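Chains as they are written, first to last, in the working numbering: chain A, 34 to 147; chain B, 345 to 460.
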């Protein structure tokens with residue numbers, strides 16, 4: 034079974050802190066994604082990566098950066114957390130092989146920035 | 345540009361009722377993929393179905409069925425004889441043909457509450 038794990042289910046940070054959200058997948062997927070989910074807004078793509086050290090901006094990259102040093106790990110970084118980044122963060126991965134674009138999701142990290 | 349619209353924000357039904365969740369999409373591609381995901385209260389999105397644009401056959405899986413109509417750009421999801429365990433947020437998503445790394449575009453989701 035595909036497994037996508039995220040480092041924390043719940044996280045509380047203070048404004049201005051640097052925050053790292055880690056995501057690991059065990060199925061050798063090429064693609065990895067970070068979304069945030071907010072009530073009424075659905076899932077919005079922050080960044081994605083289709084290979085090691087590669088990254089692409091999604092719809093809402095401002096205030097975030099990412100790192101992908103190894104194929105199985107994709108990190109989301111909040112350089113200076115702000116209260117408007119309080120949200121649910123979801124990581125996903127998928128195989129690049131066409132046509133299977135199905136994404137597998139992790140359990141999510143609910144981040145609160147005080 | 346791609347777009348997925350789930351017009352129903354919230355639906356509430358009584359157990360054993362049938363319920364249909366609507367999904368309308370926009371795309372310029374002739375080859376694309378449509379998905380439905382379920383997000384139970386635990387938070388993890390669970391894949392339900394993938395359908396490619398060349399396969400308009402309806403699909404049934406137990407109490408779940410999907411109706412894909414290219415003529416109306418719709419991919420609706422019906423739950424028959426709903427159960428409390430069906431309570432969740434359901435997302436419809438679209439992926440255009442690409443190099444295999446095209447992100448999904450999600451609708452805003454429909455929250456389904458099934459009342460016992």
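Glycine included, each C-beta is placed from N, C-alpha and C at the ideal position. On a predicted model such as this, the values are computed, not experimentally measured, just so you know.
Is any heavy atom of the ligand HEM found at a distance shorter than 7 Å from the C-beta of residue i?
i, result
"residue 439 (chain B)", "Inclusion of the ligand HEM in the displayed structure is not the case, the ligand content being empty and no account of it being possible."
Should residue i go down as buried or exposed, given a rule of 16 or more other Cβ atoms within 10 Å for buried?
i, result
"residue 101 (chain A)", "buried"
"residue 402 (chain B)", "exposed"
"residue 423 (chain B)", "buried"
"residue 437 (chain B)", "buried"
"residue 127 (chain A)", "buried"
"residue 85 (chain A)", "exposed"
"residue 137 (chain A)", "buried"
Does the distance from the C-beta atom of residue i to that of residue j stay below 8 Å?
i, j, result
"residue 383 (chain B)", "residue 389 (chain B)", "yes"
"residue 96 (chain A)", "residue 122 (chain A)", "no"
"residue 419 (chain B)", "residue 395 (chain B)", "yes"
"residue 99 (chain A)", "residue 108 (chain A)", "yes"
"residue 448 (chain B)", "residue 365 (chain B)", "no"
"residue 120 (chain A)", "residue 144 (chain A)", "yes"
"residue 48 (chain A)", "residue 111 (chain A)", "no"
"residue 461 (chain B)", "residue 348 (chain B)", "Absent from the model: residue 461 (chain B). The displayed extent of chain B is 345 to 460, so no value can be given."
"residue 452 (chain B)", "residue 75 (chain A)", "yes"
Please report the residue range of the beta strand (DSSP E) in which residue i lies.
i, result
"residue 71 (chain A)", "64 to 71"
"residue 298 (chain B)", "The structure shown does not extend to residue 298 (chain B), since chain B spans only 345 to 460, so no value can be given for it."
"residue 358 (chain B)", "354 to 358"
"residue 104 (chain A)", "Element bounds for residue 104 (chain A): n/a, residue is neither H nor E."
"residue 369 (chain B)", "368 to 370"
"residue 440 (chain B)", "432 to 440"
"residue 423 (chain B)", "418 to 423"
"residue 75 (chain A)", "75 to 82"
"residue 97 (chain A)", "Premise fails: residue 97 (chain A) is in no beta strand (DSSP E) and is neither H nor E."
My assumption, with CB atoms under 8 Å, is that residue i sits in contact with residue j. Please give the rounded CB distance.
i, j, result
"residue 54 (chain A)", "residue 39 (chain A)", "7 Å"
"residue 433 (chain B)", "residue 454 (chain B)", "7 Å"
"residue 154 (chain A)", "residue 65 (chain A)", "In the structure as shown, chain A starts at 34 and stops at 147, and residue 154 (chain A) therefore has no counterpart that could be examined."
"residue 415 (chain B)", "residue 377 (chain B)", "With 8 Å as the limit, residue 415 (chain B) and residue 377 (chain B) do not qualify as a contact, their Cβ atoms being about 18 Å apart."
"residue 428 (chain B)", "residue 460 (chain B)", "5 Å"
"residue 36 (chain A)", "residue 59 (chain A)", "5 Å"
What's the gap between the Cα of residue i and the Cα of residue j?
i, j, result
"residue 371 (chain B)", "residue 79 (chain A)", "21 Å"
"residue 92 (chain A)", "residue 405 (chain B)", "34 Å"
"residue 82 (chain A)", "residue 358 (chain B)", "42 Å"
"residue 354 (chain B)", "residue 57 (chain A)", "33 Å"
"residue 63 (chain A)", "residue 435 (chain B)", "23 Å"
"residue 410 (chain B)", "residue 425 (chain B)", "15 Å"
"residue 45 (chain A)", "residue 412 (chain B)", "42 Å"
"residue 68 (chain A)", "residue 61 (chain A)", "20 Å"
"residue 106 (chain A)", "residue 361 (chain B)", "43 Å"
"residue 117 (chain A)", "residue 458 (chain B)", "32 Å"
"residue 42 (chain A)", "residue 352 (chain B)", "29 Å"
"residue 135 (chain A)", "residue 379 (chain B)", "8 Å"
"residue 397 (chain B)", "residue 375 (chain B)", "6 Å"
"residue 373 (chain B)", "residue 400 (chain B)", "16 Å"
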